[in-house]
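Novice: The structure under discussion is supplied below as structure tokens; questions concerning it will follow.
Residue numbers (the working numbering): 123 to 355.
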């Protein structure tokens, strides 16, 4: 077997393009093959750092893993380095990036990380909630029954481990998720963060009932995160 390429996991900004690291800029300029979720968003990022020329962008997203992974692995086996980026943040967190990593490791291919922004961690540290332990749930299940089951099981876990909970949610699903949380946990205080690192960044702490009233009257926009802890502070 000849020289193998390296798979680089490159974190990118979650909103503010100035948050990209110097190392990420250098590697994205040097790497010819870049795997991304949305090629349009990737092009915007690459252009902002002067790295858009002479690139081969490979779109990779949920539902296309079986089709794209063999192509990516083939490039790596033929000695080509490949950079994996997501639309925002660290690849593999709430996206199918881990499947590429697992496939590369199974083939004996080196995987290296270029750490950087992650919405969940960024949101946690400005929430005012305990940071010593946390559970990251990502996006909750689509189906109501599965979502309620998840939150019911979570309640049992929180009886044993006092930890902060981090949940991602989209604007058009935030009301249903808050209602489910209220059903399971009661009218607890939560922190909702919106559009982190962007112009309209917002961090609000209130009871679930207050958010339900607010979002029922005014449609919320942007990327959202719900955080809470049952620990008495």
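Think of the CB as a built atom: it goes at the ideal place given N, C-alpha and C, for glycine as much as any other residue. Treat the numbers as computed from the prediction; the structure is a model and nothing was measured.
(1) Would you call the CB atoms of residue 260 and residue 241 closer than 7 Å?
(2) For residue 190, report the span of its alpha helix (DSSP H) as first-last.
(3) Quick one: is residue 350 buried, meaning 16 or more other Cβ sit within 10 Å of its Cβ, or exposed?
(4) Counting only runs that start and end within the region 217–246, where is the beta strand (DSSP E) found for 3 or more residues in a row?
(5) Could you name the residues of the same chain whose beta carbon sits closer than 7 Å to that of residue 191, not counting the 5 residues immediately before and after it, in chain order?
(6) Near residue 184, what residues of its chain come up, given a Cβ to Cβ distance below 6 Å and the 5 sequence neighbours on each side ignored?
(7) DSSP on residue 337, reduced to helix/strand/coil?
(8) Given a cut-off of 7 Å on the beta-carbon distance, is the pair residue 330 and residue 304 in contact?
(9) Just checking, does the region 337–348 make contact with the region 282–297 on the three C-beta pairs under 8 Å criterion?
(10) Nearest by alpha-carbon distance to residue 151: which of 295, 176, 325 is it?
(11) I'd like the span of the beta strand (DSSP E) that includes residue 260, first residue to last.
(12) If we count Cβ pairs, one from each stretch, closer than 8 Å, do we get three or more for the region 167–176 versus the region 254–274?
(13) Can the beta-carbon of residue 124 be found less than 7 Å from the beta-carbon of residue 198?
(14) From residue 235 to residue 325, what distance separates their C-alpha atoms?
(15) Work out the CA separation of residue 246 and residue 201 for me, nearest whole Å.
(16) Are the CB atoms of residue 293 and residue 133 nearer to each other than 7 Å?
(17) If the criterion is Cβ atoms closer than 7 Å, does the pair residue 130 and residue 205 meet it?
(18) What are the boundary residues of the alpha helix (DSSP H) that includes residue 144?
(19) Rounded to the nearest angstrom, how far is the Cβ of residue 156 from that of residue 207, given a contact under 8 Å?
Specialist: The short version:
(1) no
(2) 187–199
(3) buried
(4) 232–236
(5) 221, 222, 225
(6) 218
(7) helix
(8) yes
(9) yes
(10) 176
(11) 256–260
(12) no
(13) no
(14) 29 Å
(15) 39 Å
(16) no
(17) yes
(18) 144–152
(19) 6 Å
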